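Worksheet: the structure to be examined is printed underneath.
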């Protein structure tokens, strides 16, 4: 994996001769590009590179994984000695797992390296946009086609690798465009101001992440997964954004050999992701997804040569190391395990926050960072089980769907009364405690299918009595406006069963914006590459179209996966329910983080907040610290937001 950055301007079409080209290149601020790529040094500690030509600047930070000697970027289809004003140039973050097969389809291309990156420049020259559906990988790249004077930005199907962009200055695309792997790189550009986007931040408070194209900064946007952006140097300098791939939203007839076909496709997905010139291992939580990945790897390599990694915590309800150890012993892997105390988890905060240029409310970022740091001590690449829950409907809230449909017809006053009663249950800070489950269930049970899961798993419920958003801002962004991104994702599916449409919703929202965002940021902070076999395009296409019975039967989730790997894993692992990768936030906020919470969310500091209502926040803090209510989710979301705002906006 790597960090990429760059910018373009209409000057790209203003020069033709070599003297003018040199003059134009000199006017480009190379120091700006250097600042952009320096801000991404954590993503690529093994080297940096840049390409400067009339109207275009491309930068790269490298984490060397494939072709350690010859894969330097930015890379051109004309080789390193070519005229820098010609050719196709790319700065690329990711891996193309089928690059060797694509090379065979380009027999006349003058390949000079063994790098997967070079397939992009020669493939673009040969196929143009039709290159993208041919790629099997995780990627985000910026490509400059000098002959067309055109910048192309592209992102992989499921959103495994991030890509942000912004117009340069008030003139919009007419003044040019900048792009980068993370917003912090864009903020170093003098034409981009770090202004607050209050509407996006209201969305963050509900989802704990930024849905769709949104970011916390006005003017900076994400390129959506499976999308392509084109910017042309010739007037009128429009930005054209469109999808090049969409997640299958319809069901197909189940093949008679569904289990066998799934297992064969899954094994191929794991095998593709073994492409590496550096050491590789597996994240192992003891859940079925990561265990299935480890088991598949052990069919491809001797188990004693497979490194598996797990971390644990002193709090028993948050610790999964016994299950990971059981799987490792069963498979015979070379297992690595480390336990962390609360103090060590807490100490991660000041290390993460300076790198986290967007507020992110999922506290599992912290243990994911610790797992990445521990794994990076031994290997440079790790396989993970991400995507299995979304594609195969494995999350715990799916277990409650049947009950929610029974409860929904009840009168709203009755449901509201039940919620008020549940609020007085004894507070229990354990992971997925009965008190937490009951409160969460009642919070979302009365909502429609499209809204229920975002309400269940999110933080702030718009319009609720505990809603901390200022009333004037809430009037602009009521419940319907904030839930619109989730509803659009739900409506994008044409599956016949609501559970399938909810799974589609997870794949378009929670998976890229929470899970994959978290894994990318946590791993890249430690310069570790993470690969997700469940998100292989062939496997995604197969799984997305499977009928519901192969995903859930009653409370049994991931049916096709469990049957496929039944002969590879211990029976108790196959029976294990889903358990999240969490930390004891509720207890932390009452003890080791008590002072930080009270100070950061104190009324005096929030008096001039453009987002938060100080009195409501004060009540939430008071009720939580006194042990009357468990407001951990909303308070953590608010705490991270305020710490981010102080760090990045002053």
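Residue numbers (our numbering): 21 to 670.
All C-beta atoms, glycine included, are put in the ideal place defined by N, C-alpha and C.
Just so it is clear, the structure is predicted and the values come from calculations on it, not from any experiment.
Exercise. Which runs of the beta strand (DSSP E) spanning at least 3 residues fall entirely within the segment 327-380, listed in chain order?
Worked result: 327-333 and 354-360
Exercise. Just reading off the alpha helix (DSSP H) that residue 642 is part of, what are its end residues?
Worked result: As a first step, residue 642 must be located in the chain shown, where it is residue number 622. 634-645 is the extent of the alpha helix (DSSP H) around residue 642.
For this session: Could you check the C-alpha separation between residue 382 and residue 174 for me, to the nearest Å?
Result: In the chain shown, counting from the first residue as 1, residue 382 sits at position 362. In the chain shown, counting from the first residue as 1, residue 174 sits at position 154. Their backbone Cα atoms lie some 27 Å apart in a straight line.
Exercise. With respect to the beta strand (DSSP E) encompassing residue 526, which residues constitute its N-terminal and C-terminal limits?
Worked result: Taking the chain shown and counting its residues from 1, one reaches residue 526 at position 506. Unbroken run through residue 526 is the alpha helix (DSSP H), 518-528; no beta strand (DSSP E).
Exercise. According to the Cβ coordinates, are residue 293 and residue 553 closer than 9 Å?
Worked result: If you number the chain shown from 1, residue 293 lands on position 273. If you number the chain shown from 1, residue 553 lands on position 533. A contact, by the Cβ cut-off of 9 Å.
Exercise. Below 8 Å, can you find three or more Cβ-Cβ pairs linking the segment 341-354 to the segment 363-372?
Worked result: no
Exercise. Where are the beta strand (DSSP E) runs, 3 residues long or more, that stay fully inside the segment 140-216, in chain order?
Worked result: 157-165, 170-175, 184-187 and 197-200
Problem set entry | Cross-strand partners of residue 113 (DSSP beta bridge) | Sequence index remark: in the chain shown, residue 113 carries index 93 (1-based). Its beta-bridge partners are 160.
Exercise. Curious, which full-length alpha helix (DSSP H) runs of at least 4 residues does the segment 578-635 contain?
Worked result: 579-584, 591-595, 605-610, 614-620 and 623-626
For this session: Find out if the Cβ-Cβ distance for the pair residue 329, residue 402 is shorter than 9 Å.
Result: For this step, residue 329 is matched to residue 309 along the chain shown. For this step, residue 402 is matched to residue 382 along the chain shown. Contact flag set, yes.
Exercise. What separation, rounded to the nearest whole angstrom, lies between the Cα atoms of residue 665 and residue 320?
Worked result: By 1-based counting over the chain shown, the position of residue 665 is 645. By 1-based counting over the chain shown, the position of residue 320 is 300. Taking the straight line joining both Cα atoms gives about 47 Å.
For this session: With a cut-off of 8 Å on the beta carbons, I'd call residue 24 and residue 118 a contact; round off their distance for me.
Result: Within the chain shown, the letter at position 4 stands for residue 24. Within the chain shown, the letter at position 98 stands for residue 118. Their Cβ separation, rounded to whole angstroms, is 21 Å, which puts residue 24 and residue 118 out of contact at 8 Å.
Exercise. Between which two residues does the alpha helix (DSSP H) carrying residue 472 extend?
Worked result: Sequence index remark: in the chain shown, residue 472 carries index 452 (1-based). Unbroken alpha helix (DSSP H) run through residue 472: 469-477.
Exercise. Got a sec, what are the start and stop residues for the alpha helix (DSSP H) residue 508 sits in?
Worked result: Here the question's residue 508 lines up with position 488 in the chain shown. Looking at the DSSP string, the run of the alpha helix (DSSP H) that includes residue 508 is 499-511.
Problem set entry | Pair within 9 Å by beta-carbon distance, residue 541 and residue 380 | Translated into the one-based positions of the chain shown, residue 541 becomes position 521. Translated into the one-based positions of the chain shown, residue 380 becomes position 360. In contact: residue 541 and residue 380 (Cβ atoms closer than 9 Å).
Exercise. Near residue 408, which residues of its chain fall below 8 Å by C-beta distance, leaving aside the five closest residues on each side in sequence?
Worked result: The sequence position of residue 408 within the chain shown is 388, counting from 1. Result list for residue 408: 308, 309, 312, 414, 554, 578 and 581, in chain order.
Exercise. What does a CB cutoff of less than 7 Å around residue 91 pick up in its chain, not counting 5 residues either side in sequence?
Worked result: Working through the chain shown from its first residue, we reach residue 91 at position 71. Excluding positions up to five away in sequence, the list reads 84, 133, 135 and 137.
Problem set entry | residue 29 - DSSP class collapsed to helix/strand/coil | In the chain shown, residue 29 corresponds to position 9, counting from 1. It is coil, neither helix nor strand.
Exercise. Is the Cβ-Cβ distance between residue 164 and residue 28 less than 9 Å?
Worked result: As a first step, residue 164 must be located in the chain shown, where it is residue number 144. As a first step, residue 28 must be located in the chain shown, where it is residue number 8. Their beta carbons are under 9 Å apart, which means residue 164 touches residue 28 by this criterion.
Exercise. Taking the alpha-carbon positions, what's the residue 351 to residue 177 distance?
Worked result: For the purposes of this step, residue 351 is identified with residue 331 of the chain shown, where counting begins at 1. For the purposes of this step, residue 177 is identified with residue 157 of the chain shown, where counting begins at 1. Looking at the two C-alpha atoms, the distance is approximately 32 Å.
Exercise. In chain order, what residues of the same chain have a beta carbon less than 7 Å from the beta carbon of residue 663, not counting five sequence neighbours either side?
Worked result: Counting from one through the chain shown, the residue named residue 663 turns up at place 643. The residues are 373 and 620.
Exercise. Which class does residue 655 belong to by DSSP, given the choice of helix, strand or coil?
Worked result: Against the chain shown, residue 655 aligns to sequence position 635. Looking at residue 655 - three-state DSSP - the assignment turns out to be helix.
For this session: Return the Cβ separation of residue 110 and residue 155 in integer angstroms, given the expectation that the two are a contact with Cβ distance under 8 Å.
Result: The count along the chain shown starts at 1 and reaches residue 110 at position 90. The count along the chain shown starts at 1 and reaches residue 155 at position 135. Not really, about 12 Å apart at Cβ, beyond 8 Å.
For this session: Could you say if the segment 605-625 and the segment 652-660 meet the contact criterion of at least three C-beta pairs nearer than 8 Å?
Result: yes
Exercise. When DSSP builds the beta bridges, which residues end up paired with residue 537?
Worked result: If you number the chain shown from 1, residue 537 lands on position 517. In the DSSP output, where bridge partners are listed per residue, residue 537 has none listed.
Problem set entry | Cβ-based burial, residue 615 [other Cβ within 10 Å; buried from 16] | If you number the chain shown from 1, residue 615 lands on position 595. Looking at its Cβ environment, which holds fewer than 16 other Cβ atoms inside 10 Å, residue 615 is exposed.
Exercise. Cα separation between residue 377 and residue 431?
Worked result: The residue labelled residue 377 in the question sits at position 357 within the chain shown. The residue labelled residue 431 in the question sits at position 411 within the chain shown. Computed Cα separation, rounded: 43 Å.
Exercise. Could you check where the beta strand (DSSP E) with residue 223 kicks off and where it finishes?
Worked result: The sequence position of residue 223 within the chain shown is 203, counting from 1. From DSSP, residue 223 is part of no beta strand (DSSP E) but of the alpha helix (DSSP H) over 218-227.
Exercise. Buried or exposed: residue 47, going by 16 or more other Cβ atoms within 10 Å of its Cβ?
Worked result: As a first step, residue 47 is located in the chain shown; it is residue number 27 there, counting from the start. Only weak support exists for where residue 47 lies, its pLDDT of 45 falling under 50; the value from the coordinates is given anyway. Its Cβ having fewer than 16 others within 10 Å, residue 47 is exposed.
For this session: Can you tell me which of the three DSSP states residue 660 falls into?
Result: Here residue 660 is taken as the residue at index 640 of the chain shown, counted from 1. Note: residue 660 maps to helix in three-state DSSP.
Problem set entry | residue 204 versus residue 558 - alpha carbon distance | Numbered from its first residue, the chain shown carries residue 204 at position 184. Numbered from its first residue, the chain shown carries residue 558 at position 538. Rounded to the nearest angstrom, the two C-alpha atoms are 34 Å apart.
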